[in-house]
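For what it's worth, full-length UniProt numbering labels the leading residue of the sequence shown as 1, then goes sequentially.
Note that CB positions come from ideal geometry on N, CA and C, so glycine has one too.
Please read these numbers as outputs of a predicted model, since none were measured by experiment.
Have a look at the structure below, then the notes.
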Amino acid sequence: MHSRRIATLTLALCLGMAPLGAVAQEARQPLDRIVAVVNEGAIMNTQLEDRVARTRSQLEAQGQQVPPDDVLREQVLDRLIIEEIQLQMARENNLSVDDTELNRQVRAIAQNNGMSLDEFADALEADGLSLGVVRDQVRRELLMRQIQQRRVGSRVSISDAEVQRFIEQQGGGMSTEQARRALFQQKANSEMQTWVQEIRSQAFVEERLGSGS
Numbered sequence: 001m002h003s004r005r006i007a008t009l010t011l012a013l014c015l016g017m018a019p020l021g022a023v024a025q026e027a028r029q030p031l032d033r034i035v036a037v038v039n040e041g042a043i044m045n046t047q048l049e050d051r052v053a054r055t056r057s058q059l060e061a062q063g064q065q066v067p068p069d070d071v072l073r074e075q076v077l078d079r080l081i082i083e084e085i086q087l088q089m090a091r092e093n094n095l096s097v098d099d100t101e102l103n104r105q106v107r108a109i110a111q112n113n114g115m116s117l118d119e120f121a122d123a124l125e126a127d128g129l130s131l132g133v134v135r136d137q138v139r140r141e142l143l144m145r146q147i148q149q150r151r152v153g154s155r156v157s158i159s160d161a162e163v164q165r166f167i168e169q170q171g172g173g174m175s176t177e178q179a180r181r182a183l184f185q186q187k188a189n190s191e192m193q194t195w196v197q198e199i200r201s202q203a204f205v206e207e208r209l210g211s212g213s
């Protein structure tokens, strides 16, 4: 049976994002508590613990060193905060995800796992998840990608001269379009880091990680 980790990693690769997006959040448990307030939103402890567990599994599967628990929880919480800020921005900009695009992405995830949609749904159910929950999470990921493209993509400009220099630096062997795409990705990655720092600094964030356990 395919594991939840495989589905999670495939989702991240399918959306062209870092493998940080969760496939699903576990059901809320009694006595849940807030670990961070983000503007008008909140991140709950169950969200954090579920993401920490899956991030740890992903790192282990990739053969990477897993940070100490307290460091990992801090890192994951910061990622959740950034995600929450982006989702709030998407809502403020009235962004939405078309059902046709959503269905296409979910089918692509199933295919990348070597399964039909029905088989994928069965595999998720075996992991204690559901296709509906996965659809909701894919929608979230697509909304974040939209706001990223709108805010970051508009910052990137590439001249013909830059493209030619890039081709020369790479020793030739690539088309102008290939070079333009590669150069755009490089610049976009740099701008993304700057943008994330900006939205994080401008948001109201109150972390409560150390209050209780």
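- It is roughly 14 Å from the alpha-carbon of residue 109 to the alpha-carbon of residue 136.
- For residue 40, the secondary structure class from DSSP, reduced to helix, strand or coil, is coil.
- DSSP places residue 205 outside any alpha helix (DSSP H); the residue lies instead in the beta strand (DSSP E), whose first and last residues are 205-207.
- Looking at the backbone, the Cα of residue 143 and that of residue 210 are separated by about 30 Å.
- The shortest C-alpha to C-alpha distance from residue 192 to any of 75, 147, 71 is the one to 147.
- One thing to note: residue 97 has its Cβ no nearer than 8 Å to the Cβ of residue 205.
- The DSSP-derived three-state label of residue 158 is coil.
- C-alpha of residue 162 to C-alpha of residue 128: approximately 50 Å in a straight line.
- When C-beta atoms of the segment 39-48 are compared with those of the segment 58-78, three or more pairs fall below 8 Å, so the two segments count as touching.
- Here the alpha carbon of residue 67 sits roughly 9 Å from the alpha carbon of residue 59.
- Closest in alpha carbon position to residue 154, among 187, 61, 167, is 187.
- Take the alpha-carbon of residue 175 and the one of residue 101: they are about 30 Å apart.
- In this structure, the straight-line span from the alpha carbon of residue 87 to that of residue 33 is close to 21 Å.
- For residue 106 and residue 138, the gap between their C-alpha atoms comes out near 7 Å.
- Counted as a single uninterrupted DSSP element, the alpha helix (DSSP H) harbouring residue 59 occupies residues 45-61.
- The C-alpha of residue 152 is placed about 13 Å away from the C-alpha of residue 89.
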